[in-house]
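Every letter in the sequence shown is one number past the one before it in UniProt numbering, and letter 76, counting from 1, is 76.
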Amino acid sequence: MSSLNNTDGPLQVPGFGPIPLNYELPPKTRFAHGLVEYRHSPRLTMREMAMLRVMQYITEQPGWDQALLATEGFLISAPAWDWCIAELRDKAQAWQETGRLLVFDSSSTVCQANVPLPQKDIQAEIARLGTQASHDSPLVDPSEFPLVYDRSPVLVEGGRVSLDDPWLLTGQTAKELPVHPLDQMRRPREWLPCEVEFASPTTPTPDDTTDVRITSYVNNLHPHHNQNLYAHLERLIACSIPSWNEILFYGEARGRHPHEWQEKCDQVREYVLGPEPPVWKQARRLPKLPANLLESLTTQDWEDPRRVNMIARYKRIRRAWFEHPEPGVSFSYEQWKNGEFTGRAIFPQRIGNFPDPLHHDYLPVCLQEKFQKDGLQVIVQISRIGLSPESPNYQGEAYFHTEGLRNEHIVATTMYVVEAENITLARVAFQHEDKVHASEFECEEPDAMSEVLDVDYWESYEETPPRGVHTFGSVQMIEGHLLSWPNTLRSKQEPFTLANPHQPGHLTVIKLRLVDPHYRICSTGNVPPQQHDWWAAEAQRASNLDARLPPELVHLVMEQTNWWPMSTAEARRLREDLRRDHQRAQEAAEKSEGYHLSALLPYDSPTDATESTGVTAQSP
């Protein structure tokens with residue numbers, strides 16, 4: 001499908017030609033995403049999460065890589081530390097050799113990279129873009145002047161918008177198209193990526209990255225007025241490709257909803273129609289009791305078999321204990337690193353309909369080789385969050401989210417911190433979707449399950465269960481570093497404030513969103529610039545209006561055509577509409593993630609509580 005968006009014939013991308021907007025390739029033929037599709041399974045245990053978090057903490061300390069590669073020290077015998085040290089030493093070696101570091105490394109991972117880019121030059125070029133009106137209005141905002149399917153002019157009969165002269169459309173026809181009849185969305189909108197092509201494979205770069213060139217304009221960044229910034233963006237994209245190769249992976253054939261799911265649903269319907277115990281027999285949390293249970297019994301209580309029996313039951317529950325699973329038992333670190341025997345740390349007593357694979361098949365990704373001919377599509381956003389003594393706080397993003405809409409097919413995001421001036425440490429938090437089916441373990445101790453699997457305890461059938469997600473923690477946003485993650489992870493920028501409350505400060509960030517290159521979507525290579533001021537300046541220059549008409553008439557002509565191709569007022573309305581589309585998509589994704597499922601077994605019979613104590617329900 002990646003070869004359908006070319007200049008040789010009619011445009012055939014999702015939403016145009018015979019292809020519906022909501023078209024999806026089979027999971028194994030494209031990269032995984034987290035928009036109501038990918039879910040991590042099985043859930044990581046609390047000890048595994050602790051190991052991930054402590055390794056992330058260690059990698060934030062100065063000189064961590066030299067310390068871990070030293071031969072002396074770290075003589076820790078606990079299996080968890082042995083595993084952590086082995087993994088951290090591999091990470092330290094990779095960091096020193098490649099400048100890239102993988103953190104929160106589970107089914108999805110986050111990649112930090114130190115890249116040699118000219119910080120001061122990039123800062124100067126972004127400063128030319130002006131000031132940002134508000135925290136949620138980026139300097140280069142992909143939500144402004146987006147693709148609108150029944151409004152934007154599109155080169156549907158072929159041809160390409162040139163970066164050198166985007167307004168030169170000789171022999172090409174830009175048409176406004178109706179919405180595709182198979183699409184159920186009302187006036188769909190989406191971000192417009194720019195086209196990126198790879199240089200010749202033989203063209204080397206100083207740091208062994210792949211040279212790239214942007215071949216269509218970045219939406220809302222004028223290609224003629226910002227040529228130096230375009231060159232920096234090309235270098236930034238080139239530096240991001242090795243990180244994307246590290247974090248991207250292919251989808252699963254069975255997906256989130258296997259074909260066998262309907263059969264499973266039929267079985268559940270039959271089960272739900274069967275008999276069930278009364279509510280009073282269902283699992284409930286123990287009330288708070290004193291440490292010494294005997295002190296809770298009065299002389300009269302010792303005469304009541306029910307009270308004695310209850311205390312014996314409480315004692316039996318208290319005596320139940322568990323061990324957190326140890327790493328290196330089900331599989332070793334070397335096996336995990338090689339993708340062998342990487343199932344569960346805790347094996348379920350009940351095998352589900354969709355058992356876990358014994359090994360994970362890691363397919364190496366090399367974007368510059370696989371997509372050498374077709375290139376990449378990248379959505380660019382540049383933002384500067386400014387703080388002042390009068391407004392010293394940034395509240396952060398309201399919720400965890402994946403990036404973009406499904407029809408935008410975003411599979412990875414890179415964030416580059418251009419400048420962090422007079423602010424406290426900025427961080428990005430991450431979580432992914434998973435779900436615990438407690439019935440797999442047939443565990444009668446809800447507290448133990450909550451502890452081992454890192455799930456907040458809840459009163460069954462009395463409170464809403466915890467959401468089926470797992471929060472890893474956060475990663476620093478360091479000036480001059482790249483931070484990349486796949487769209488199977490959810491992210492949220494955390495709050496920060498002024499470091500010196502008496503001086504202004506700001507955080508300047510470039511965000512790159514990679515479109516799955518297995519698709520080709522409508523891009524700025526297919527849509528001429530829609531900004532009226534861009535068109536007006538070019539039309540004025542090309543027709544030499546200043547020499548032919550008085551300034552008052554020139555101003556009148558421009559006023560009468562301020563709606564073409566799209567006015568600023570209309571673009572801002574569409575920006576708000578597109579933001580609402582994204583918010584609705586995220587709300588729908590949150591509703592679909594579901595909750596952890598509890599099937600805890602209560603003590604149904606008197607013998608359950610007394611078989612180990614000899615206390616019966618008979619009167620003395």
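Built from N, CA and C at the ideal position, the CB exists for glycine as well.
Figure out for me which residue from Thr29, Lys511, Ser332 has the closest Cα to the Cα of Val417.
Walking along the sequence shown from the start, residue 417 turns up at place 417. Of the listed residues, the one whose Cα sits closest to Val417 is Lys511.
Tell me, please, whether the region 491-505 touches the region 390-404 by the rule of three or more beta-carbon pairs shorter than 8 Å.
yes
For Arg572 and Leu273, the rounded distance between their alpha carbons
Within the sequence shown, numbered from 1, the residue matching residue 273 stands at position 273. Within the sequence shown, numbered from 1, the residue matching residue 572 stands at position 572. At Leu273 the pLDDT is 47, less than 50, meaning the model places this residue with poor confidence and gives no usable figure here.
If you measure between the beta carbons of Val140 and Gln335, is that distance less than 7 Å?
The residue you call residue 140 lines up with position 140 of the sequence shown. The residue you call residue 335 lines up with position 335 of the sequence shown. It is not a contact, given that the beta carbons lie outside the stated cut-off.
What's the gap between the Cα of Val218 and the Cα of Ser523?
To locate residue 218, count along the sequence shown from 1; it is residue 218. To locate residue 523, count along the sequence shown from 1; it is residue 523. Their Cα atoms are separated by approximately 10 Å.
Buried/exposed call for Gln267, threshold 16 Cβ in 10 Å:
Locating residue 267 in the sequence shown gives position 267, counting from the first residue. Any answer about Gln267 is weak, because its pLDDT of 49 lies below 50 and its placement is not dependable; what the coordinates show is given next. Exposed, since its Cβ has fewer than 16 Cβ neighbours within 10 Å.
Pull up the distance between the alpha-carbon of Pro10 and that of Met51, whole angstroms please.
The residue labelled residue 10 in the question sits at position 10 within the sequence shown. The residue labelled residue 51 in the question sits at position 51 within the sequence shown. One C-alpha to the other measures close to 53 Å.
Taking DSSP as the reference, what is the three-state secondary structure of Cys194?
Translated into positions along the sequence shown, residue 194 becomes position 194. Correct three-state label for Cys194: strand.
Cβ distance (whole Å) where Val515 is taken to contact Ser152 below 8 Å
In the sequence shown, the residue the question calls residue 515 occupies position 515. In the sequence shown, the residue the question calls residue 152 occupies position 152. About 17 Å separates the two Cβ atoms, so there is no contact after all.
Taking the alpha helix (DSSP H) that Lys492 belongs to, which residues open and close that run?
Counted from its first residue, the sequence shown places residue 492 at position 492. Segment 490-493 is the beta strand (DSSP E) holding Lys492; no alpha helix (DSSP H) there.
Can at least three beta-carbon pairs, one atom from the region 48-63 and one from the region 18-26, be found at a separation below 8 Å?
no
Between Thr508 and Arg427, is the Cβ-Cβ spacing less than 7 Å?
In the sequence shown, residue 508 corresponds to position 508, counting from 1. In the sequence shown, residue 427 corresponds to position 427, counting from 1. No.
Near Asp183, what residues of its chain come up, given a Cβ to Cβ distance below 6 Å and the 5 sequence neighbours on each side ignored?
On the sequence shown, position 183 is the one that residue 183 refers to. Its pLDDT being 46, under 50, Asp183 is placed unreliably by the model, and the measurement read from it follows with that caveat. Closer than 6 Å at the Cβ level, and outside the excluded window around Asp183, lie Pro20, Leu21.
Tell me, please, which residues DSSP counts as bridged to Pro486.
Along the sequence shown, read from residue 1 onward, the residue named residue 486 stands at position 486. In the DSSP output, where bridge partners are listed per residue, Pro486 has Ala412.
Tell me, to the nearest whole angstrom, how far the beta carbon of Gly404 is from that of Arg160; I am working on the premise that it is less than 8 Å.
Working through the sequence shown from its first residue, we reach residue 404 at position 404. Working through the sequence shown from its first residue, we reach residue 160 at position 160. Not confirmed; about 24 Å, so no contact.
Take the Cβ of Pro188 as the centre, count every other Cβ of all protein chains shown within 10 Å, and call the residue buried at 16 or more, exposed below.
Counting from 1 along the sequence shown, the entry for residue 188 is found at position 188. Its Cβ being crowded by 16 or more others within 10 Å, Pro188 is buried.
Using a 10 Å radius around the Cβ and a threshold of 16 neighbouring Cβ atoms, would you call His225 buried or exposed?
What you label residue 225 is simply residue 225 of the sequence shown in a count that begins at 1. With fewer than 16 Cβ atoms within 10 Å of its Cβ, His225 is classed as exposed.
Just checking Ser450 against the ligand NAP - is the residue's beta carbon closer than 6 Å to any of the ligand's heavy atoms?
With respect to the ligand NAP, the structure offers nothing, as it holds no ligand at all.
Pairwise C-alpha distance: Lys337 and Tyr149
As a first step, residue 149 is located in the sequence shown; it is residue number 149 there, counting from the start. As a first step, residue 337 is located in the sequence shown; it is residue number 337 there, counting from the start. Approximately 46 Å, taken between the alpha carbons.
By how many angstroms is the C-alpha of Asp164 removed from the C-alpha of Pro223?
Locating residue 223 in the sequence shown gives position 223, counting from the first residue. Locating residue 164 in the sequence shown gives position 164, counting from the first residue. Each residue's Cα considered, the two are about 8 Å apart.
For Asp456, count the other beta carbons within 10 Å of its own beta carbon; 16 or more makes it buried, fewer makes it exposed. Which is it?
On the sequence shown, position 456 is the one that residue 456 refers to. With fewer than 16 Cβ atoms within 10 Å of its Cβ, Asp456 is classed as exposed.
At least 3 beta-carbon pairs within less than 8 Å: the region 105-120 vs the region 476-493
yes
With a CB to CB cut of under 6 Å and the five nearest residues on each side skipped, what residues in its chain are close to Arg406?
Residue numbering aside, residue 406 sits at position 406 when the sequence shown is read from its first letter. Excluding sequence neighbours, Arg406 sits near Leu35.
Could you check if Glu419 is buried or exposed, using at least 16 other CB atoms within 10 Å of its CB as the buried criterion?
The residue you call residue 419 lines up with position 419 of the sequence shown. Per the 10 Å Cβ criterion, buried.
Closest to Gln586 by C-alpha separation, out of Arg575, Ser491, Glu559, Pro551, would be which residue?
To locate residue 586, count along the sequence shown from 1; it is residue 586. Gln586 has its Cα closest to that of Ser491, out of Arg575, Ser491, Glu559, Pro551.
Contact check, Pro146 vs Trp191, beta carbons under 7 Å:
As a working note, residue 146 is residue 146 in the sequence shown. As a working note, residue 191 is residue 191 in the sequence shown. Yes.
Pairwise C-alpha distance: Pro501 and Asp577
In the sequence shown, counting from the first residue as 1, residue 577 sits at position 577. In the sequence shown, counting from the first residue as 1, residue 501 sits at position 501. Rounded to whole angstroms, Asp577 to Pro501 spans 36 Å at the Cα level.
Per DSSP, which residues does Leu147 bridge with? Please list them.
The count along the sequence shown starts at 1 and reaches residue 147 at position 147. DSSP lists Glu190 as partners of Leu147.
Please work out which residues of its chain come closer than 6 Å, Cβ to Cβ, to Gly505, disregarding the five sequence neighbours upstream and downstream, and give them in chain order.
Translated into positions along the sequence shown, residue 505 becomes position 505. The answer, listed in chain order, is Leu387, Glu421, Asn422, Ile423, Leu498.
What would DSSP say about Tyr399, mapped onto helix, strand or coil?
Walking along the sequence shown from the start, residue 399 turns up at place 399. Tyr399: coil per DSSP, three-state reduction.
Consult DSSP for Leu574 and reduce its assignment to one of helix, strand or coil.
For the purposes of this step, residue 574 is identified with residue 574 of the sequence shown, where counting begins at 1. Correct three-state label for Leu574: helix.
Under 7 Å, do Gly251 and Ala32 count as touching if we go by C-beta distance?
The count along the sequence shown starts at 1 and reaches residue 251 at position 251. The count along the sequence shown starts at 1 and reaches residue 32 at position 32. Going by C-beta atoms, Gly251 is nearer than 7 Å to Ala32.
Assuming contact is defined by CB atoms lying nearer than 7 Å, are Ser216 and His432 in contact in what I supplied?
In the sequence shown, residue 216 corresponds to position 216, counting from 1. In the sequence shown, residue 432 corresponds to position 432, counting from 1. Contact flag unset, no.
Roughly how many whole angstroms lie between the Cα atoms of Asp454 and Ala133?
Within the sequence shown, numbered from 1, the residue matching residue 454 stands at position 454. Within the sequence shown, numbered from 1, the residue matching residue 133 stands at position 133. Their backbone Cα atoms lie some 42 Å apart in a straight line.
Terminal residues of the continuous beta strand (DSSP E) containing Ala429?
What you label residue 429 is simply residue 429 of the sequence shown in a count that begins at 1. Unbroken beta strand (DSSP E) run through Ala429: 427-433.
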